[in-house]
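Undergrad: The opening residue of the sequence shown carries number 7 in this note's numbering; numbering runs sequentially from there.
Virtual Cβ for every residue (Gly too), placed ideally from N, Cα, C.
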Amino acid sequence: MKNMKLIIIALLLLAINSCKKDDELINSNSRDYTPEIIQESYGNARVVGYVSDKDGSPLGGVSVYFGTHEVITNGDGKFELSEVSQGSNKRIWFKKDGYVLNQKLVDIIEDLPNRVDAALFPIAKTAEIDDTGGLIEGENFSVEIQPGGFVYADGTIVESMVTVNATPFLITEEQFIDAFPGEFRGTREDGSETAIESYGFIDVELIAENGEPVQLADGVTATIQIKAPANSPQTIPMWWYDTKKTEWIEEGVGNLVDGNYVAVVNHFTPWNWDIPVELRSTIIGRVIDNIGNPIEGASIVQKVKNRTLLLSTKSLEDGTFEMFTLENSELEIEAQFDIYGSTKFDFTTSANQTSVNDLGDIVIDISIDNAISPFINNDTLYITAGQTASISGNYFGVEKRENYRLLLNGEEIPTISWETNLIEFEVPLNIPEEGIIQIDRGGSLSRETPYLDGDWTCEIDGVVYNMLTKELYLPEINLTSLPDCIGNLIKLRALEFSGNNLSSLSESFSKLNNLERLYINSNQLSSLPESFGILNNLIELSLNKNQLTTLPESFGILNNLYYLDLSDNQLSSLPESFGNLNNLKRLSIIDNQLMTLPESFGNLNNLERLSIRDNQLSSLPGFFGNLNNLEELNLENNQLSSLPESFGNLNNLEELNLENNQLMTLPESFGNLNNLLVLELDENQLTTLPESFGNLNNLEELNLENNQLSSLPESFGDLNNLKELYLYSNQLTTLPESFGNLSNLIELRLDNNQLSSLPESFGNLNNLERLSLRFNQLSSLPESIKNLKD
């Protein structure tokens, strides 16, 4: 049972950073461990493939997972996963005791067979070590862990022995590419994306006695080493695999020493030695079956010969495809469709950069009509008895033949027209309100698709809309309520009821689960129904200028939201589930009554713009620093007396407004915000600034007015890009000599301080156009001030 518990997420938990919670310590010897469950949305798509071992032989008994859905490979290494949802980069996991866990990515097209193959390598070396560290050596690799110990994911110290599983993956090994986690792409240290060519990787797993994955403690490092390929470069970028982001992340550099690649790391996931590759050419072509029908969803895989680089794409509905490639390179091209057949051939790309290489038609020796069942696009078919309805999809057959049937609840019904991708029919009278539609194409059956019979229209303000309505904009028409029939308009993608008098939303509103954009600004909503979370296809949601006091716990299900505006309401708290909205990039909660933020708020790490001004926040959660993609942050007009040390992790911030709070100090980490261009700290109670403040050397605008500063750190002069500086109404008695380094200043306000003198360097501020020194105690000015502009 213990081994069954250690399912696919062991590697996920290895990707933790060394940041810690200040939680009460737990005795690690009595610590219980239950693996984290990976949550996925499920659907009707299918994934097939093969798993092999290190020498290419089929590997049976492998657990293949999508989320919690598991199948086992047979003796031929074959598997078939169902219930997979459509979309890009779906995570498929491969696990077998004694082997290294693998994760592969696949782009899923529903109702088509999707193919992904994988290889598992046996764990090469297992050893036990304690907090004194140790050396693990094997053929062609070594791992040396320094003393200092290990920690659990929550920062608790590990008191037991730790098992180390270490395995090298060399590019000379036959199944290297199929064993490679994810894809051959990564994110560079500057945030740009690139294709990568691998020179080998190593997988190291640390496991406590209770089976829980652990990591190196803060400050502990390890030296990893593998045998390098022939003709390897002397230095090479290092990359670690992030199983949640499903990509390789650049971090550090490896060096070639005596034929081995060596690197020092401070955490363990798979570590890869890779060179970024610039793809400047393209290849195009078309995939067809043996009688010329285009094949949609075929996988086209290109392997660059004599290099460890693999790229893939899928064919479109007309069978065509286009993908990037390398110029002047020998490729092995493979086209796959389900398990019915594939084809391989060699191709040499043009030496000209940016050239287009046309592969022509690639034929897979199958007949689509035999290889794939008909499928229906509709997840649910909405029909009305006695009216004409239609089913869209594909592979129905070019025309209706004698043995082709449309089945409603298992009984054949007549059709009006029958085409390859559309069937029209008259809906019989007296049918059940709910049932099943299916297509029988000569014994090849489509999946069962549910139907609902009913009236799919709705009258609003004297106008009748039907279920085909995609967008509905009804602002400022004095609506006081929405009719229950609003739920009939199930095709709606965009809906606006701004500027009305709505005080509530009916439960039927939750039937609009195709909505992507919803605007209900300037109404009188005091609450949302618990079922609101069903609208989980929402991308944009605006609820500003209502009277909302709470949000339902189901609000966190809206995890596709990109833009959310909750401004001008009466919210005093946010549900803990709010942190599940991890696709949010823009969030505004201006002018509410928030006193705290949930701990989960730190999970919103894709946020780029956040405004929570005009609330009552007295503190920020410790994990606030996880929002490290923020570019603009406004916390003006709150009651913040301090900032967490993690605040310095927000090093992508360009604009920060902390005006009108109760800040007395700033954390030393504040100096890490060195991308700041605009900083508003006025109307606080600051008495000092940290020495690290001078690291903010990209600042152009800085407002510190109305604080209690009596001095500035010497590092202040390092802010040499400042153009506007406001320091009036403080208690400054002197300025540091380095102040004269602020040579780009255009405007400087020093009014209402206690300055009795200015440093001689003040005269270096020769770009000043506006200077104010009123209400100080200056008896004289330095001679150098004559250098300033008039």
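My guess is that residue 215 and residue 166 are in contact by the Cβ rule of under 8 Å, so how many angstroms apart are they, rounded?
TA: In the sequence shown, the residue the question calls residue 215 occupies position 209. In the sequence shown, the residue the question calls residue 166 occupies position 160. At roughly 4 Å, the Cβ-Cβ gap stays under 8 Å, so residue 215 and residue 166 are in contact.
Undergrad: Buried or exposed: which applies to residue 278, given that a residue is buried once 16 or more other Cβ atoms fall within 10 Å of its Cβ?
TA: Translated into the one-based positions of the sequence shown, residue 278 becomes position 272. Counting Cβ neighbours within 10 Å, residue 278 comes out buried, since at least 16 surround it.
Undergrad: Closer than 7 Å by C-beta to residue 369: which residues in its own chain qualify, once you throw out the five before and the five after it? Chain order, please.
TA: Taking the first residue of the sequence shown as position 1, residue 369 is located at position 363. Counting only Cβ-Cβ distances below 7 Å, and skipping sequence neighbours, we find 294, 296 and 349.
Undergrad: Quick one: Cα of residue 517 to Cα of residue 496, how far?
TA: Here residue 517 is taken as the residue at index 511 of the sequence shown, counted from 1. Here residue 496 is taken as the residue at index 490 of the sequence shown, counted from 1. Their backbone Cα atoms lie some 7 Å apart in a straight line.
Undergrad: Compute the beta-carbon to beta-carbon distance between residue 608 and residue 633, rounded to the nearest angstrom, for a pair I have assumed lies under 8 Å.
TA: If you number the sequence shown from 1, residue 608 lands on position 602. If you number the sequence shown from 1, residue 633 lands on position 627. The Cβ separation is near 7 Å, so the contact holds.
Undergrad: The beta strand (DSSP E) that contains residue 147, what's its start and end?
TA: Start at 1 with the first residue of the sequence shown, and residue 147 comes out as number 141. Segment 147-151, the beta strand (DSSP E) holding residue 147.
Undergrad: Would you check if there are 3 or more beta carbon pairs closer than 8 Å linking the segment 601-617 to the segment 573-593?
TA: These segments touch.
Undergrad: Would you kindly work out how many angstroms separate the C-alpha atoms of residue 458 and residue 538, rounded to a whole number?
TA: As a position in the sequence shown, residue 458 is number 452, starting the count at 1. As a position in the sequence shown, residue 538 is number 532, starting the count at 1. Answer to the nearest angstrom: the Cα atoms are 22 Å apart.
Undergrad: Going by alpha carbons, who is nearest to residue 37 out of 124, 160, 139 and 120?
TA: In the sequence shown, residue 37 corresponds to position 31, counting from 1. It is 160.
Undergrad: By DSSP's criteria, residue 430 is part of a beta bridge. Which residues make up the other side?
TA: Taking the sequence shown and counting its residues from 1, the one referred to as residue 430 is at position 424. The partner list for residue 430 (beta bridge, DSSP) reads 396 and 423.
Undergrad: State the CB to CB distance for the pair residue 59 and residue 107, rounded to an integer number of angstroms; the pair is presumed to be in contact (CB under 8 Å).
TA: For the purposes of this step, residue 59 is identified with residue 53 of the sequence shown, where counting begins at 1. For the purposes of this step, residue 107 is identified with residue 101 of the sequence shown, where counting begins at 1. That pair is no contact at about 14 Å.
Undergrad: To the nearest angstrom, how far is the alpha carbon of residue 112 from that of residue 178?
TA: Here residue 112 refers to the residue found at position 106 of the sequence shown. Here residue 178 refers to the residue found at position 172 of the sequence shown. Each residue's Cα considered, the two are about 25 Å apart.
Undergrad: If you follow the beta strand (DSSP E) that residue 228 is part of, which residue opens it and which one closes it?
TA: The count along the sequence shown starts at 1 and reaches residue 228 at position 222. Residues 228-233.
Undergrad: What residue does the alpha helix (DSSP H) around residue 185 start on, and which one ends it?
TA: On the sequence shown, residue 185 is found 179 positions in, with the first residue counted as 1. Note, residue 185: alpha helix (DSSP H), 182-185.
Undergrad: Figure out for me which residue from 423, 389 and 385 has the closest Cα to the Cα of residue 402.
TA: As a first step, residue 402 must be located in the sequence shown, where it is residue number 396. It is 423.
Undergrad: Please classify residue 243 as buried or exposed, where buried requires at least 16 other C-beta atoms within 10 Å of its C-beta.
TA: The count along the sequence shown starts at 1 and reaches residue 243 at position 237. It is buried - the Cβ of residue 243 has at least 16 other Cβ atoms within 10 Å.
Undergrad: Mind the definition here: the segment 561-570 touches the segment 591-598 only if three or more C-beta pairs lie below 8 Å; say whether that holds.
TA: The segment 561-570 vs the segment 591-598: in contact.
Undergrad: Taking three-plus beta-carbon pairs below 8 Å as touching, is the segment 178-191 in contact with the segment 136-153?
TA: Judged by Cβ distances under 8 Å, the segment 178-191 makes no contact with the segment 136-153, as fewer than three pairs qualify.
Undergrad: Alpha carbon to alpha carbon, how far is residue 741 from residue 250? Give it in angstroms, no decimals.
TA: Residue numbering aside, residue 250 sits at position 244 when the sequence shown is read from its first letter. Residue numbering aside, residue 741 sits at position 735 when the sequence shown is read from its first letter. So the alpha carbons of these two residues sit roughly 49 Å apart.
Undergrad: With a 10 Å radius around its C-beta and 16 neighbouring C-beta atoms as the bar for buried, classify residue 48 as buried or exposed.
TA: Taking the first residue of the sequence shown as 1, we reach residue 48 at position 42. By the neighbour-count rule (16 or more Cβ atoms within 10 Å), residue 48 is not buried but exposed.
Undergrad: To which residues of the same chain is residue 666 closer than 7 Å at the C-beta, ignoring the five residues directly before and after it?
TA: Translated into positions along the sequence shown, residue 666 becomes position 660. Within the same chain, residue 666 has close Cβ partners 642, 643 and 689.
Undergrad: Closer than 7 Å by C-beta to residue 194: which residues in its own chain qualify, once you throw out the five before and the five after it? Chain order, please.
TA: Working through the sequence shown from its first residue, we reach residue 194 at position 188. The residues are 200, 256 and 282.
Undergrad: Take residue 237 as the anchor and find which of 265, 191, 453 and 532 has the nearest alpha-carbon.
TA: Within the sequence shown, residue 237 is the residue found at index 231, counting from 1. For the residues 265, 191, 453 and 532, the minimum Cα distance to residue 237 belongs to 265.
Undergrad: I'd like the span of the beta strand (DSSP E) that includes residue 472, first residue to last.
TA: Your numbering for residue 472 matches position 466 in the sequence shown. Its beta strand (DSSP E) spans residues 469-472.
Undergrad: Grab the span of the beta strand (DSSP E) containing residue 171 for me, first residue to last.
TA: For the purposes of this step, residue 171 is taken as the residue at position 165 of the sequence shown. Where residue 171 is concerned, the enclosing beta strand (DSSP E) stretches over 168-175.
Undergrad: Cutting at 8 Å between CB atoms, please list the residues of its own chain near residue 715, excluding the five before and the five after it.
TA: Taking the first residue of the sequence shown as position 1, residue 715 is located at position 709. Within the same chain, residue 715 has close Cβ partners 692, 693, 694, 695, 733, 736, 737 and 738.
Undergrad: Contact check, residue 685 vs residue 657 under 8 Å by CB: the rounded distance?
TA: Taking the sequence shown and counting its residues from 1, one reaches residue 685 at position 679. Taking the sequence shown and counting its residues from 1, one reaches residue 657 at position 651. Not really, about 14 Å apart at Cβ, beyond 8 Å.
Undergrad: Would you tell me roughly how many angstroms separate the C-alpha atoms of residue 221 and residue 152, rounded to the nearest one?
TA: In the sequence shown, the residue the question calls residue 221 occupies position 215. In the sequence shown, the residue the question calls residue 152 occupies position 146. Straight-line Cα distance between these residues: approximately 13 Å.
Undergrad: Do the segment 355-364 and the segment 318-334 make contact, defined as three or more Cβ pairs closer than 8 Å?
TA: Yes, the segment 355-364 touches the segment 318-334.
Undergrad: Nearest CA to the CA of residue 69: which residue from 91, 63 and 98?
TA: Indexing the sequence shown from 1 puts residue 69 at position 63. Residue 98 is the option with its Cα nearest to residue 69.
Undergrad: Kindly list the residues whose CB is nearer than 7 Å to the CB of residue 411, restricted to its own chain and excluding five residues on each side of it in sequence; keep chain order.
TA: Start at 1 with the first residue of the sequence shown, and residue 411 comes out as number 405. Excluding sequence neighbours, residue 411 sits near 418 and 446.
Undergrad: My guess is that residue 3 and residue 555 are in contact by the Cβ rule of under 8 Å, so how many angstroms apart are they, rounded?
TA: In the structure as shown, the chain begins at 7 and stops at 796. Residue 3 is therefore absent and cannot be evaluated.
Undergrad: Could you check where the beta strand (DSSP E) with residue 292 kicks off and where it finishes?
TA: Looking up residue 292 in the sequence shown gives position 286. Unbroken beta strand (DSSP E) run through residue 292: 287-294.
Undergrad: Whole angstroms are fine: how far does the CA of residue 182 sit from the CA of residue 66?
TA: The residue you call residue 66 lines up with position 60 of the sequence shown. The residue you call residue 182 lines up with position 176 of the sequence shown. Each residue's Cα considered, the two are about 19 Å apart.
Undergrad: Measure the alpha-carbon distance for residue 318 versus residue 774 and round it to whole angstroms.
TA: If you number the sequence shown from 1, residue 318 lands on position 312. If you number the sequence shown from 1, residue 774 lands on position 768. Approximately 57 Å, taken between the alpha carbons.
Undergrad: Between 664, 80, 623 and 494, which has its C-alpha nearest residue 2's C-alpha?
TA: Outside the shown range of the chain (7 to 796) lies residue 2, about which nothing can therefore be said.
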